[in-house]
């Protein structure tokens, strides 16, 4: 099939691929077009099951059109989830959010638990919060600036949000933020790393779990030391890093659950859309650390 | 029963109790006698089931004799394990070693896996190594100085041992030690923390597990920052802190397995015994970081 890509997804992992270090992702070869998540539609087809106008998602180079080979088991997913908000903003992201929820019975956030989410207003954090709220958790976000914090509590459903920009390091954070986060947290969905992870460690309950989804604080090459790793021992914490693409088995369930949340209005993904790839050439944009909210997209046509 | 204590066990956790910080253990109150693991014998009894000369272990103040109230379910254990090497050197230690082995099916060291053990020649590390060897693992130790490393490989059964004293920090460690530890490790039993844990992180395989049993590098109050926590994410590691006393359910099994290893000569615990508590008043002795080998004991009578 020949696919016309309508949207390209910009995500923090792309910045990681620009480093020439050992990682789970192949470094981006110089002089080649970056690959990213796309959604679009079939404009030509030589395949009996996929007609023109079929919605299409892919990992593809950021170009307007590309030939694509339909994998055998794609059909059902493509038809059951026409909603772009669920099907696109990185299917990866959806599964990621589920990792803390579904690694095993005893790790699932339970009703009444306090769950902390860093990079709270990003595409990952906001969807994770919706999932945790649907399970009855108290969800506390960490975000940068009063606008994002207000957005978190007023639109995304967070019970509280801590503005990390009013703190310089981890130490005063737990004290000053006593009002929004009076209870220590039992589970953390960590996307940032660095001193923010230290701040989280200082407020974790005994036997707490930390799902390490990302460390965007270090994507520009800054060192990411941790000052209080001894708290992992003192508080008998579980810390686990994970990569979404290695948990494909939970994707169908994740898509269904997220689709339900979007359909019922409990998850209202916000998108920042740039017109054309020339509009936003700075790689830091993908990390959404500045003025952008929610999912970062580029409209290609 | 009135018990005469023959031996007092000195252990790293005692140093931790001398800090006035929040921890899993109560801080030691000033002016009171330190509590520790003891073995001894009953010298007077008002209890029908425990006669004179019954072997006795307890958590007790480091005094020669003390009255003790027999708990209901102690009897069997006291009689089935007369071997001081198994019954004493901290029953806690035995369960600790089992924690990495028995948290769940998928976490057990499997035959052929490379397992790294820091503080390798200590009471904990050496017994853990014997258990891992019995399961067919390749066991690499980390210890301080050529004497301890030779002891690890020649007497304790380690396949290799890295002398951390020839390294100044984590970075050169993996390169220089290519000969003794050519393969990256899949599981680590960590007792030290600090840059040695960084060195371990730099050599962990993807999906590796780190059981965090102790962080003796920080027991004197030195800060214990971690330089490469991002590797937990990059390599999708599981890191888990645990405290032996919270896993009592594995103690009977641990005692049986360790008893078998001692009985068959596969585990030959080495003890450093001081005569009288006055002989070794320095708290650093309990951390066995200097010239002592194996389990640290004080003979009280």
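Chains as they are written, first to last, in our numbering: chain B, 4 to 304; chain V, 4 to 304. The beta-carbon is built from N, C-alpha and C at its ideal position, and this holds for glycine as well.
Exposure label - residue i; buried when at least 16 CB within 10 Å
| i | result |
| --- | --- |
| residue 159 (chain B) | buried |
| residue 117 (chain B) | buried |
| residue 218 (chain V) | buried |
| residue 12 (chain B) | buried |
| residue 113 (chain B) | exposed |
| residue 32 (chain V) | exposed |
| residue 151 (chain B) | buried |
| residue 49 (chain V) | exposed |
| residue 276 (chain V) | exposed |
| residue 211 (chain V) | buried |
| residue 62 (chain B) | exposed |
| residue 124 (chain B) | buried |
| residue 141 (chain V) | buried |
| residue 304 (chain B) | exposed |
| residue 99 (chain V) | For residue 99 (chain V), the predicted model reports a pLDDT of 41, less than 50, meaning its position is unreliable and no value from the coordinates is stated. |
| residue 260 (chain V) | buried |
| residue 201 (chain B) | buried |
| residue 193 (chain B) | buried |
| residue 72 (chain B) | exposed |
| residue 223 (chain B) | exposed |
Boundaries (first-last residue) of the beta strand (DSSP E) holding residue i
| i | result |
| --- | --- |
| residue 11 (chain B) | 5-13 |
| residue 188 (chain B) | 188-193 |
| residue 163 (chain B) | 163-166 |
| residue 68 (chain V) | 68-70 |
Residue-chain proximity (residue i, chain V), Cβ-Cβ < 7 Å
| i | result |
| --- | --- |
| residue 204 (chain B) | no |
| residue 247 (chain B) | no |
| residue 262 (chain B) | no |
| residue 219 (chain B) | no |
| residue 228 (chain B) | yes |
| residue 290 (chain B) | Residue placement at residue 290 (chain B) cannot be trusted, given a pLDDT of 48 that sits under 50; the coordinates are not used to answer. |
| residue 181 (chain B) | For residue 181 (chain B), the predicted model reports a pLDDT of 46, less than 50, meaning its position is unreliable and no value from the coordinates is stated. |
| residue 235 (chain B) | yes |
| residue 30 (chain B) | no |
| residue 73 (chain B) | no |
| residue 21 (chain B) | no |
| residue 99 (chain B) | Reliability of the predicted coordinates at residue 99 (chain B) is poor, the pLDDT of 41 falling under 50, and no value is obtained from them. |
| residue 162 (chain B) | no |
Neighbour flag for residue i against chain B, beta carbons, 7 Å
| i | result |
| --- | --- |
| residue 243 (chain V) | yes |
| residue 239 (chain V) | yes |
| residue 145 (chain V) | no |
| residue 272 (chain V) | no |
| residue 15 (chain V) | no |
| residue 215 (chain V) | yes |
| residue 232 (chain V) | yes |
Beta-bridge partners of residue i, as assigned by DSSP
| i | result |
| --- | --- |
| residue 302 (chain B) | B:10 and B:278 |
| residue 43 (chain V) | V:8 and V:59 |
| residue 241 (chain B) | B:212 and V:243 |
| residue 143 (chain B) | B:119 and B:163 |
| residue 207 (chain V) | V:188 |
| residue 202 (chain V) | Answer by DSSP bridge pairing: none, since residue 202 (chain V) is not bridged. |
| residue 125 (chain B) | B:297 |
| residue 229 (chain V) | B:229 |
| residue 219 (chain B) | Paired residues: none, contrary to the question. |
| residue 38 (chain B) | B:64 |
Residue range of the alpha helix (DSSP H) that includes residue i
| i | result |
| --- | --- |
| residue 49 (chain V) | Counting along the chain, residue 49 (chain V) falls outside any alpha helix (DSSP H), and DSSP gives it neither H nor E. |
| residue 154 (chain V) | 149-157 |
| residue 224 (chain B) | Segment: none, residue 224 (chain B) is in no alpha helix (DSSP H) and carries neither H nor E. |
| residue 255 (chain V) | 254-266 |
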